[in-house]
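Per the numbering used here, the sequence shown starts with residue 19, numbered consecutively. Structure first, then comments.
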Amino acid sequence: MFQRILVPLDGSTRSEQAIPVAALIARASDATLVLLRVANVPREYGLYLFESYIAQSPIFIDEVLREETDKARNYLDILHQMQDLADLQVENLVLNGAEAPTILDAARDQQADLVVMSGRGSGEFRHGTMGSVAMKVVRHSTCPVLVLREEHTRLVSLQTSSVANTAPILVGLDGSTFAEASLAPAIALAQAFSLSGPARLHLVQVVRPIDEGGSSEEQEAQHQRVSTAEKYLSALTDKLGQQQERNKALPDIVITWSILQERDVADALIRAAQQGTGLEHKERGGYGVLALATHGRGGIQHWAVGSTTDRIIKGSTMPLLVVRPAEAH
Numbered sequence: 019m020f021q022r023i024l025v026p027l028d029g030s031t032r033s034e035q036a037i038p039v040a041a042l043i044a045r046a047s048d049a050t051l052v053l054l055r056v057a058n059v060p061r062e063y064g065l066y067l068f069e070s071y072i073a074q075s076p077i078f079i080d081e082v083l084r085e086e087t088d089k090a091r092n093y094l095d096i097l098h099q100m101q102d103l104a105d106l107q108v109e110n111l112v113l114n115g116a117e118a119p120t121i122l123d124a125a126r127d128q129q130a131d132l133v134v135m136s137g138r139g140s141g142e143f144r145h146g147t148m149g150s151v152a153m154k155v156v157r158h159s160t161c162p163v164l165v166l167r168e169e170h171t172r173l174v175s176l177q178t179s180s181v182a183n184t185a186p187i188l189v190g191l192d193g194s195t196f197a198e199a200s201l202a203p204a205i206a207l208a209q210a211f212s213l214s215g216p217a218r219l220h221l222v223q224v225v226r227p228i229d230e231g232g233s234s235e236e237q238e239a240q241h242q243r244v245s246t247a248e249k250y251l252s253a254l255t256d257k258l259g260q261q262q263e264r265n266k267a268l269p270d271i272v273i274t275w276s277i278l279q280e281r282d283v284a285d286a287l288i289r290a291a292q293q294g295t296g297l298e299h300k301e302r303g304g305y306g307v308l309a310l311a312t313h314g315r316g317g318i319q320h321w322a323v324g325s326t327t328d329r330i331i332k333g334s335t336m337p338l339l340v341v342r343p344a345e346a347h
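Spelled out as structure tokens, the structure:
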């Protein structure tokens with residue numbers, strides 16, 4: 019599924035943590051990596067440039083920008099020497115402009131089908147900040163975005179460990195076709211992260227429980243909601259299995275599902291991902307990635323603050339695969 023993977027970098031070692039993971043996916047998918055560095059005038063020039071403009075003194079802004087662009091090119095050339103990138107097709111891309119819009123434009127212009135980036139870095143790459151570059155990219159990218167957080171070491175260890183040879187993926191669903199947009203890229207990631215044996219994908223739907231002491235009518239309605247969710251997940255699992263059967267060229271994948279009855283959907287999904295809900299005991303290290311769509315049954319538009327997806331992005335410390343359905347683009 020993945021043919022061109024964009025990796026935005028800001029020059030920090032934290033942002034470079036995305037490279038081994040992106041390389042693993044590219045190697046499994048036979049994809050091209052596009053390393054992007056956005057070069058701009060350093061922020062420390064800001065006040066100086068403004069004051070000089072007021073004084074009508076000449077400022078060689080083009081020269082400063084050319085210097086930063088050359089630094090960015092040299093930086094990416096050095097990264098090519100990383101062992102993780104050996105035998106991969108890697109392209110460098112240096113652009114000027116505001117970080118988030120430039121990354122989004124690059125993803126579109128480069129026809130990227132996946133963006134892999136760190137959720138923290140230098141400058142604007144900050145964890146949990148609504149105005150951060152990573153947050154803006156996740157919210158507005160028209161292609162799937164894999165955002166790495168603190169708990170990303172399991173994905174990196176796949177390349178070097180003979181024990182941690184798979185990274186199961188948890189997919190949060192709500193019964194809508196919008197939420198199912200995360201399934202195809204989640205399956206592709208699960209297959210890329212499975213170095214031996216079948217890939218693992220677990221589907222989960224959260225059904226809010228009724229209050230204690232609810233009436234018999236409320237209890238019956240709750241039973242129906244749970245039954246509907248069970249039928250939906252069972253049918254979806256069968257459908258995905260049949261699709262897999264028809265495409266023998268793809269690696270095997272085991273798809274399971276479960277229902278959670280919790281009041282807080284965001285907290286329930288975060289705990290399920292971290293605790294390994296639905297995994298066998300030997301896989302209790304938890305999931306490698308939590309996958310979800312930005313647009314669910316509630317008709318969430320543009321990721322309104324307070325939405326379930328938005329809260330998961332800000333509250334989870336594990337890697338997230340975020341997908342915007344085509345209808346929401």
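Using N, Cα and C, we set each Cβ at its ideal position, and we do this for glycine too. Values in this document were obtained by computation on a predicted structure and should not be read as measured data.
- Counting along the chain, no alpha helix (DSSP H) covers Leu106, and no H or E run does either.
- Note that the stretch 210 to 222 touches the stretch 271 to 282; at least 3 beta-carbon pairs, one per stretch, sit closer than 8 angstroms.
- A Cβ-Cβ contact shorter than 7 angstroms links Leu188 with Ala291.
- Rounded to whole angstroms, the gap between the alpha carbons of Leu53 and Phe196 is 30 angstroms.
- In this structure, Gln293 keeps its C-beta atom at 7 angstroms or more from the C-beta atom of Leu251.
- Pairing Ile330 with Leu287 gives a Cβ-Cβ distance under 7 angstroms.
- When the beta-carbon positions are compared, Leu113 and Val155 stay at least 7 angstroms from each other.
- Closest in alpha carbon position to Lys332, among Ser150, Ala185 and Ala247, is Ser150.
- Beta-bridge pairing by DSSP links Thr50 to Arg22.
- For Ser245, the enclosing alpha helix (DSSP H) has its first and last residue at Ser234 to Arg264.
- In the same chain as Arg226, and ignoring 5 residues on each side of it, the C-beta atoms closer than 8 angstroms to its own belong to Gln279, Glu280, Arg281 and Val283, in chain order.
- Here Ala199 is buried: its Cβ has 16 or more other Cβ atoms, across all protein chains shown, within 10 Å.
- With fewer than 16 other Cβ atoms from the protein chains shown falling within 10 Å of its own Cβ, Gly259 counts as exposed.
- Judged by pairs of C-beta atoms under 8 angstroms, the stretch 119 to 138 does not touch the stretch 87 to 99, as fewer than three such pairs exist.
- Per DSSP, Ile277 lies in no alpha helix (DSSP H) segment; the continuous beta strand (DSSP E) that holds it begins and ends at Ile271 to Leu278.
- C-alpha of His98 to C-alpha of Ser175: approximately 20 angstroms in a straight line.
- Among the bridge pairs identified by DSSP, Ile187 is matched with Leu219 and Val307.
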